[in-house]
Amino acid sequence: MRRTAFEMVHRAQLGHPGGDFSAIDAMATLYFGVMNYDVRRPNWEDRDRFIMSKGHATGALYTALCGAGYFPEDWLQTYMQPHSKLNGHPNRNYLPGVETNTGPLGHGFPVAVGIAIAGQLRGASYRTFVLTGDGEQQEGSNWEAAMVAGHRKLANLTLIIDRNRLQQGAGTEETSGLDPLDQKYAAFGWDVEMIDGHDHAALLATLGRAPGNKPRCVIANTVKGKGVSFMENQASWHHGVPNDAQFAQAMKELV
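Going by my numbering, the first residue of the sequence shown is number 22, and it counts up by one from there.
1) So, are the CB atoms of Val151 and Leu180 less than 7 Å apart?
2) When the Cβ atoms of the stretch 165–174 are set against those of the stretch 26–35, are three or more pairs found closer than 8 Å?
3) Tyr115: buried (16+ other C-beta within 10 angstroms of its C-beta) or exposed?
4) What alpha helix (DSSP H) runs, 4 residues minimum, are completely inside the stretch 99–125?
5) Consult DSSP for Gln34 and reduce its assignment to one of helix, strand or coil.
6) What residues match up with Gly215 in a beta bridge as DSSP calls it?
7) Report the three-state DSSP secondary structure of Gln5 (helix, strand or coil).
8) Quickly, what does DSSP pair Ala191 with across the bridge? List them, please.
9) Over the uninterrupted alpha helix (DSSP H) stretch that includes Leu224, give me the two end residues.
10) Where do the ends of the beta strand (DSSP E) carrying Gly233 lie?
11) Quick one, which of Tyr206, Met48, Glu195 and Gly161 has its alpha-carbon nearest Lys174's?
12) Ser359 to Leu224, Cα distance in whole Å?
13) Relative to the alpha-carbon of Leu202, which residue among Arg186, Ala191 and Gly190 has its alpha-carbon at the smallest distance?
14) Closer than 7 Å by C-beta to Leu35: which residues in its own chain qualify, once you throw out the five before and the five after it? Chain order, please.
15) Under the three-state reduction of DSSP, which class applies to Phe92: helix, strand or coil?
16) Helix, strand or coil for Asp183 per DSSP?
17) Cutting at 6 Å between CB atoms, please list the residues of its own chain near Asn57, excluding the five before and the five after it.
18) Taking the runs of the beta strand (DSSP E) that are 3 residues or longer, which of them lie wholly in the stretch 32–86?
19) Sorted by chain position, which residues of the same chain lie with C-beta nearer than 6 Å to Leu86's C-beta, five sequence neighbours on each side aside?
20) Considering Leu202, what are the terminal residues of the alpha helix (DSSP H) in which it resides?
21) What residues are listed by DSSP as bridge partners for Gly154?
22) Secondary structure at Leu178, three-state DSSP: helix, strand or coil?
23) Looking at Thr149 and Ile182, is the spacing between their C-beta atoms short of 7 Å?
24) Can you tell me which residues form a DSSP beta bridge with Thr196?
25) Assuming Ser74 and Glu157 form a contact by the criterion Cβ under 8 Å, report the distance between their Cβ atoms to the nearest whole angstrom.
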């Protein structure tokens with residue numbers, strides 16, 4: 022998935038590969054090990070819902086949706102091209118499998134809370150998963166959503182925080198410190214787990230576990246640009262794009 026996402030970014034000379042790479046392991050685990058869905062019926066009422074709240078990480082989202090069978094592989098070659106269905110931020114009007122449009126940070130998580138409330142009120146079986154960036158946690162709307170979810174004991178909701186500790190141009194703790202993030206969510210009435218966000222076994226065990234009686238917050242400790250030596254832990258790769266030499270080097274490292 023990382024190779025494919027990087028090919029998309031290189032071809033388009035646009036994208037956010039650093040955050041794609043930190044989120045891809047969680048995405049792979051959700052779509053190929055945890056979530057219940059039917060690509061032949063993308064609007065199936067009992068499907069699990071996924072919201073990509075860090076909407077710029079479309080390289081991670083689109084490779085997952087394509088791998089799951091929501092659209093043909095050749096669509097990936099049109100990423101961020103004129104008239105493409107694969108925009109820089111996901112659009113539910115263009116792509117099956119996209120539950121809501123995202124991009125402006127801080128909006129996807131509240132939408133996910135609303136979807137989870139709807140399921141709770143109906144007694145529905147579906148689960149709702151939402152992935153946010155850690156820089157995104159600086160948005161006040163997230164904390165309103167977290168408070169409501171904890172109050173309503175939305176056990177059908179799982180929040181994954183991509184904790185790569187970098188945002189555009191700086192570290193999260195330099196910009197507006199988030200720690201102790203786990204204690205904050207626990208205080209809002211969430212079950213909280215901190216895991217290695219690149220450990221597939223840990224991701225599968227945590228995300229695949231049956232719901233308890235509270236919303237679940239999974240703080241996934243990750244590396245921005247994971248898998249490529251010159252990209253790892255570099256804020257410049259938040260929205261950096263590779264030249265041909267960098268692309269060739271990355272393809273050698275991404276095995």
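Just so you know, even glycine gets a beta-carbon here, dropped at the ideal spot from N, CA and C.
Considering the structure as presented:
1) yes
2) no
3) Exposed is the call here.
4) none
5) coil
6) Reading off the sequence shown, one finds Met at residue 215, where the question assumed Gly. Its beta-bridge partners are Ile240.
7) Nothing can be reported for residue 5: it is not among the residues displayed for the chain, which extend from 22 to 276.
8) Gln188
9) Secondary structure note for Leu224: its alpha helix (DSSP H) is the uninterrupted segment His221 to Leu228.
10) Neither: Gly233 is in no beta strand (DSSP E) and is coded neither H nor E.
11) Tyr206
12) Because the chain spans 22 through 276 in this model, residue 359 falls outside it and cannot be assessed.
13) Arg186
14) Met101, Gly109 and Val262
15) coil
16) strand
17) Asp69
18) 70–73
19) Gly118
20) Leu202 to Ala208
21) Asp183
22) strand
23) no
24) Answer is none; Thr196 lacks a bridge partner.
25) 6 Å
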